[in-house]
Amino acid sequence: MEALVVEKRRELIETVSDVDDILAEAFLSDDENISDADLEGAIRRATIARKFIPVFMGSAFKNKGVQPLLDGVVSYLPCPTEVSNYALDQSKNEEKVELT
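According to the numbering used here, the stretch in the sequence shown is residues -10 to 89, in order.
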């Protein structure tokens, strides 16, 4: 089981490295010493840049998987002040309009 965990962690690092340059450099230089904090930071940066979408599974029935979901929201999703949200103005040929 431990070998499977190591393999899946490496797959996650490779996938996130495709969309995060900082993690890609660390992965190419020394892929064995990437810390959990480095990986979490890369996932957060990629999520905020809308290049990576973390997926969580769970069920409200018997509260299974709810806490990891909430932890993921706190860890990976941006604060509303960290991103700009846009709407498309239909009357102006779908021009982007920043929401404030």
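By construction, the Cβ of each residue, glycine as well, lies at the ideal position given by its N, Cα and C atoms.
Enclosing beta strand (DSSP E) for residue i [first to last residue]
i: Val86; result: Glu84 to Leu88
i: Asp60; result: From DSSP, Asp60 is part of no beta strand (DSSP E) but of the alpha helix (DSSP H) over Val55 to Tyr65.
Beta-carbon separation (whole angstroms), residue i vs residue j, contact threshold 8 angstroms
i: Ile2; j: Ile23; result: 6 angstroms
i: Gly54; j: Phe41; result: About 20 angstroms; that fails the 8 angstroms criterion.
i: Ala38; j: Asp27; result: Going by Cβ atoms, the distance from Ala38 to Asp27 rounds to 17 angstroms, so no, they are not a contact pair.
i: Pro43; j: Gly61; result: 6 angstroms
i: Thr36; j: Tyr65; result: 5 angstroms
First and last residue of the uninterrupted alpha helix (DSSP H) at residue i
i: Ala38; result: Counting along the chain, Ala38 falls outside any alpha helix (DSSP H), and DSSP gives it neither H nor E.
i: Asp20; result: No alpha helix (DSSP H) holds Asp20; DSSP gives it neither H nor E.
i: Ala(-8); result: Glu(-9) to Ser6
Beta-carbon proximity list for residue i, same chain, < 7 angstroms, skipping 5 on both sides
i: Ser18; result: none
i: Ser48; result: Gly54
Chain-order list of residues whose beta-carbon lies under 8 angstroms from that of residue i (same chain, five-residue window excluded)
i: Glu83; result: Leu77
Reduced DSSP category for residue i - H, G, I as helix; E, B as strand; rest coil
i: Asp25; result: helix
i: Pro43; result: coil
i: Asp10; result: helix
According to DSSP, residues forming a beta bridge with residue i
i: Asn74; result: Leu88
i: Ser48; result: Lys53
Close beta carbons around residue i, own chain, < 6 angstroms, minus the five adjacent residues each side
i: Leu12; result: Val5, Ser6 and Ala31
i: Asp9; result: Ala31, Arg34 and Ala35
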